[in-house]
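Peer 1: Residue numbers (this note's numbering), protein chains in the order written: chain A, 16 to 319; chain B, 2 to 174. Don't be surprised by glycine CBs; every beta carbon is placed ideally from N, CA and C. Handing you this structure, nothing more for now.
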Amino acid sequence: MNLITALARFLIFPGLLFAIPAAWFFLWVERKSVALMQGRIGPPFMQPFFDFIKLLGKSTPPRSGVGGLLMKLWPLIAVAAAASAVGLLPVWPSSGGFEGDLILLLALLELPSMCIIAAGFSSRSIFGEIGSAREAALSVSYNVVFLLAIVSIAASQHTFRLEALAQLPASPMHWIGLLAILVCLPAKLHINPFSLPNAEQEIYSGPMTEYAGPELAMWELSHGLEWVAATGLVATLAAPHLTLWWVAAIVFIALSFAVVLLLSAVAAATARLAIDTTVRFYWQCTLIFAVLAISSAIFMRHRS
Amino acid sequence: MCYSRRRSPWLFHMNGGSCNGCDIELIASLTPRYDAEQLGVRLEGSPRHADILCITGPVTHNAVNAIKTVYGQVCGPKAVVAIGSCPATTNVFIDSRTLDGPLNLHLPVDVFVPGCPPRPDAIIQGVAKAAAILAERAAKKLPANPVVMPLVGPPCNGACCAPTNKETTEVQS
Numbered sequence: 016m017n018l019i020t021a022l023a024r025f026l027i028f029p030g031l032l033f034a035i036p037a038a039w040f041f042l043w044v045e046r047k048s049v050a051l052m053q054g055r056i057g058p059p060f061m062q063p064f065f066d067f068i069k070l071l072g073k074s075t076p077p078r079s080g081v082g083g084l085l086m087k088l089w090p091l092i093a094v095a096a097a098a099s100a101v102g103l104l105p106v107w108p109s110s111g112g113f114e115g116d117l118i119l120l121l122a123l124l125e126l127p128s129m130c131i132i133a134a135g136f137s138s139r140s141i142f143g144e145i146g147s148a149r150e151a152a153l154s155v156s157y158n159v160v161f162l163l164a165i166v167s168i169a170a171s172q173h174t175f176r177l178e179a180l181a182q183l184p185a186s187p188m189h190w191i192g193l194l195a196i197l198v199c200l201p202a203k204l205h206i207n208p209f210s211l212p213n214a215e216q217e218i219y220s221g222p223m224t225e226y227a228g229p230e231l232a233m234w235e236l237s238h239g240l241e242w243v244a245a246t247g248l249v250a251t252l253a254a255p256h257l258t259l260w261w262v263a264a265i266v267f268i269a270l271s272f273a274v275v276l277l278l279s280a281v282a283a284a285t286a287r288l289a290i291d292t293t294v295r296f297y298w299q300c301t302l303i304f305a306v307l308a309i310s311s312a313i314f315m316r317h318r319s
Numbered sequence: 002m003c004y005s006r007r008r009s010p011w012l013f014h015m016n017g018g019s020c021n022g023c024d025i026e027l028i029a030s031l032t033p034r035y036d037a038e039q040l041g042v043r044l045e046g047s048p049r050h051a052d053i054l055c056i057t058g059p060v061t062h063n064a065v066n067a068i069k070t071v072y073g074q075v076c077g078p079k080a081v082v083a084i085g086s087c088p089a090t091t092n093v094f095i096d097s098r099t100l101d102g103p104l105n106l107h108l109p110v111d112v113f114v115p116g117c118p119p120r121p122d123a124i125i126q127g128v129a130k131a132a133a134i135l136a137e138r139a140a141k142k143l144p145a146n147p148v149v150m151p152l153v154g155p156p157c158n159g160a161c162c163a164p165t166n167k168e169t170t171e172v173q174s
């Protein structure tokens with residue numbers, strides 16, 4: 016991957032130029048589909064865009080010192096990490112990539128939730144701190160399953176290169192791994208039944224309680240970009256191997272959209288679980304499947 | 002920017018000693034029957050995120066400082082909607098020794114939504130009006146100027162409409 020293709024992927028497709036409108040679109044799809052399932056009409060199409068522009072025009076409370084600087088910095092780091100994660104997705108056939116870019120993608124996907132944890136603690140609000148502690152507990156729980164699922168896919172295909180993973184024919188291991196990733200996505204995106212860190216009516220807005228104006232706009236954007244990156248990861252792993260670039264792009268967008276609809280349906284149909292139930296769910300119920308997946312992947316690798 | 006402000010009012014709901022009647026009606030305006038999210042309304046958990054402060058209740062001694070603190074925590078441009086007759090006039094609790102109301106002694110109120118309790122459609126209309134005021138004021142930097150919404154009730158056969166309007170002007174004066 017040379018510099019020009021890397022820049023084109025980061026800035027145009029599937030990077031910023033595609034990802035920011037897609038982030039707004041997915042946020043709208045989530046709100047609209049939840050509204051439709053509740054028998055409401057829901058927000059207009061441009062709503063996330065209006066919210067973003069409005070938040071950019073609001074004032075922020077004065078903040079001084081290192082704490083204030085950090086509070087301004089965390090949302091920017093989260094947006095940059097989520098946007099780069101979208102840029103790494105191998106949407107084009109033969110788009111390049113490098114050995115080990117799956118590991119970089121996982122790190123970039125994890126960075127926004129690290130930023131949320133740090134942001135809650137640096138806001139020095141009691142609700143922010145409770146939200147951050149919950150986010151940390153949640154992150155420790157789902158990440159074990161999430162990482163084991165991805166490692167089992169990678170181990171069964173003998174590579175840590177995203178493009179090679181996307182192009183190889185699907186195996187049963189692939190589908191078990193994808194299922195495990197799908198189970199982790201509601202926790203990663205903080206939607207019901209795992210919307211614990213930003214639980215409204217419980218702890219105000221969790222880590223975001225003290226954020227206002229442009230900083231909150233950046234948090235909304237990074238949340239939208241996380242949607243695009245996480246659903247895009249599932250879409251690239253699930254998509255069949257295609258040679259035509261425009262068919263590949265359409266299949267990528269359609270699969271991402273289907274995953275967004277599925278997650279919104281789950282969010283609309285469930286209520287928020289308590290933190291101990293959530294941690295128990297991931298450690299007791301889904302960890303067994305993840306361990307089974309990775310052990311069978313290693314076994315198959317030794318046999319072949 | 003002005004259009005976005007008008008289309009995206011985020012609310013923070015605050016109880017200033019209310020009997021909970023208006024609070025229930027405010028929540029009812031977000032339910033499937035009235036669905037205020039069509040106008041971009043979102044009920045936010047933190048006053049830092051909100052644009053419009055919705056206050057119910059006749060403002061008791063205990064609530065005054067909390068209301069002032071929360072008003073200070075809402076980031077500008079902002080607007081205040083007084084929901085119900087209590088924050089406008091202190092209603093049936095008038096002359097009570099536990100009250101410090103009405104609300105406009107403490108905060109610049111933009112929209113009064115009278116009623117005991119007001120109907121959800123009146124609250125949605127008041128919030129939409131407040132969003133328009135907020136957008137206009139932010140664009141032109143105008144001072145606060147209160148607006149009283151007309152009473153919205155179940156359809157009547159004409160007899161009750163005239164007293165309704167009269168009552169509204171009385172509240173305004």
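How many whole angstroms separate the CB atoms of Ala-83/B and Val-114/B, which I take to be in contact at a CB cut-off of 8 Å?
Peer 2: Correct: roughly 7 Å between the Cβ atoms.
Peer 1: Mind checking who Thr-61/B pairs with in its DSSP beta bridge?
Peer 2: Answer is Leu-100/B.
Peer 1: Using a Cβ-Cβ cut-off of 7 Å, state whether Gln-299/A counts as contacting chain B.
Peer 2: Closer than 7 Å: no.
Peer 1: Do you know how far the Cα of Gly-82/A is from the Cα of Leu-248/A?
Peer 2: If I take the Cα positions, the gap works out to 34 Å.
Peer 1: Anything in chain A within Cβ reach of Gly-46/B, meaning under 9 Å, just list it in chain order.
Peer 2: Those are Phe-142, Asn-213, Ala-214, Glu-215, Gln-216, Glu-217, Ile-218, Tyr-219, Ser-220, Gly-221, Met-223, Thr-224, listed as they occur along chain A.
Peer 1: When DSSP labels each residue in this structure, what does Leu-55/B get in the three-state scheme?
Peer 2: According to the sequence shown, residue 55/B is Cys rather than Leu. Of the three classes helix, strand and coil, the one that applies to Cys-55/B here is strand, per DSSP.
Peer 1: What's the gap between the Cα of Gln-182/B and the Cα of Ala-214/A?
Peer 2: Residue coverage of chain B in this structure runs from 2 to 174, which leaves residue 182/B outside it and unanswerable.
Peer 1: In its own chain, which residues sit with a C-beta less than 7 Å from the C-beta of Ala-38/A, not counting the 5 before and 5 after it?
Peer 2: Closer than 7 Å at Cβ, skipping near neighbours: Leu-236, Gly-239, Leu-240, Trp-242, Val-243.
Peer 1: To the nearest angstrom, report how far apart Ala-195/A and Ile-206/A are at their CA atoms.
Peer 2: In a straight line, the C-alpha of Ala-195/A is about 17 Å away from that of Ile-206/A.
Peer 1: Which residue from Val-294/A, Phe-209/A, His-317/A puts its Cα closest to that of Val-281/A?
Peer 2: The shortest C-alpha separation from Val-281/A is found at Phe-209/A.
Peer 1: For a contact meaning CB atoms closer than 7 Å, what does Phe-65/A contact in chain B?
Peer 2: Per Cβ cutoff of 7 Å: Ser-5, Arg-8, Ser-9, Gly-41.
Peer 1: Using C-beta distances below 7 Å, list every residue in its chain close to Ala-64/A, excluding the 5 sequence neighbours before and after it, in chain order.
Peer 2: Here residue 64/A is Phe; the residue named in the question, Ala, does not match the sequence. Result list for Phe-64/A: Trp-39, in chain order.
Peer 1: Where do the N-terminal and C-terminal ends of the alpha helix (DSSP H) with Val-166/A fall, by residue?
Peer 2: Per DSSP, Val-166/A belongs to the alpha helix (DSSP H) from 141-172.
Peer 1: Tell me where the alpha helix (DSSP H) around His-14/B begins and ends.
Peer 2: No alpha helix (DSSP H) holds His-14/B; the beta strand (DSSP E) holding it covers 11-16.
Peer 1: Can you list, in chain order, the residues of its chain with a C-beta nearer than 6 Å to that of Thr-293/A? Leave out the 5 residues immediately preceding and following it.
Peer 2: Hits under 6 Å: Phe-209.
Peer 1: Assuming Ala-181/A and Pro-127/A make a contact with CB atoms under 8 Å, what is their CB distance in whole Å?
Peer 2: At roughly 23 Å, the Cβ-Cβ gap does not stay under 8 Å, so Ala-181/A and Pro-127/A are not in contact.
Peer 1: Measure the alpha-carbon distance for Asp-122/B versus Tyr-35/B and round it to whole angstroms.
Peer 2: Their Cα atoms are separated by approximately 7 Å.
Peer 1: Using a Cβ-Cβ distance under 7 Å, would Ala-93/A count as near chain B?
Peer 2: So no, Ala-93/A is outside the interface.
Peer 1: Going by Cα to Cα distance, which pick from Ala-21/A, Leu-120/A, Phe-33/A, Asp-66/A is closest to Trp-43/A?
Peer 2: That would be Asp-66/A, whose Cα lies nearest to the Cα of Trp-43/A.
Peer 1: Check the DSSP bridge columns for Ala-80/B and list the partner residues they point to.
Peer 2: Bridge partners of Ala-80/B: Ile-53/B.
Peer 1: With a threshold of 6 Å on Cβ separation, who are the neighbours of Ala-130/A within its own chain once the five nearest residues in sequence on each side are excluded?
Peer 2: In the sequence as presented, Ala is not what sits at residue 130/A; that position holds Cys. Cβ neighbours of Cys-130/A beyond the five flanking positions: Trp-89, Ile-92, Ala-93.
Peer 1: Between the stretch 274-290 of chain A and the stretch 133-143 of chain A, do at least 3 Cβ pairs fall closer than 8 Å?
Peer 2: The answer is no - the stretch 133-143 of chain A does not touch the stretch 274-290 of chain A, with fewer than three Cβ pairs under 8 Å.
Peer 1: Closest to Ala-131/B by CA distance: which of Ala-64/B, Leu-54/B, Val-65/B is it?
Peer 2: Comparing Cα-Cα distances from Ala-131/B to each of Ala-64/B, Leu-54/B, Val-65/B, the minimum goes to Leu-54/B.
Peer 1: Which word fits Arg-295/A, buried or exposed, when buried means at least 16 other C-beta atoms lie within 10 angstroms of its C-beta?
Peer 2: Exposed is the call here.
Peer 1: Beta carbon of Leu-257/A, beta carbon of Ala-263/A: below 7 Å?
Peer 2: Cβ atoms of Leu-257/A and Ala-263/A: closer than 7 Å.
Peer 1: Which same chain residues, not among the five before or five after Glu-45/A, have their C-beta less than 8 Å away from its C-beta?
Peer 2: Cβ within range, chain order: Ile-206, Trp-242, Val-275, Leu-278, Ser-279, Ala-282.
Peer 1: Ends of the beta strand (DSSP E) at Phe-113/B?
Peer 2: Looking at the DSSP string, the run of the beta strand (DSSP E) that includes Phe-113/B is 112-114.
Peer 1: Can you confirm whether Met-2/B, when its beta carbon is compared against all beta carbons of chain A, has any partner nearer than 7 Å?
Peer 2: So, interface residue.
Peer 1: Would a C-beta distance cut-off of 7 Å place Ala-164/A and Gly-192/A closer than the cut-off?
Peer 2: Contact flag set, yes.
Peer 1: Thinking C-alpha only, which one of Thr-301/A, Ala-202/A, Leu-123/A, Pro-222/A is nearest Arg-287/A?
Peer 2: Here the closest residue by C-alpha is Ala-202/A.
Peer 1: Enumerate in chain order the residues of its own chain whose CB-to-CB distance from Gly-30/A is below 7 Å, with the five nearest sequence positions on each side excluded.
Peer 2: Closer than 7 Å at the Cβ level, and outside the excluded window around Gly-30/A, lie Arg-24, Ala-98, Val-101, Gly-102.
Peer 1: Report yes if the C-beta distance between Thr-57/B and Leu-100/B is below 7 Å; otherwise report no.
Peer 2: Contact flag unset, no.
Peer 1: Within 7 Å (strictly less), CB to CB, does Val-33/B reach chain A?
Peer 2: Note on identity: in this sequence residue 33/B is Pro, with Val being the wrong assignment. Answer yes: the Cβ-Cβ gap between Pro-33/B and chain A drops below 7 Å somewhere.
Peer 1: Using the C-alpha atoms, what's the distance from Phe-41/A back to Glu-230/A?
Peer 2: Approximately 20 Å between the Cα atoms of the pair.
Peer 1: With a cut-off of 8 Å on the beta carbons, I'd call Tyr-9/A and Val-160/A a contact; round off their distance for me.
Peer 2: Nothing can be reported for residue 9/A: it is not among the residues displayed for chain A, which extend from 16 to 319.
Peer 1: Beta-carbon separation of Gly-228/A and Cys-3/B under 7 Å?
Peer 2: No. Outside cutoff.
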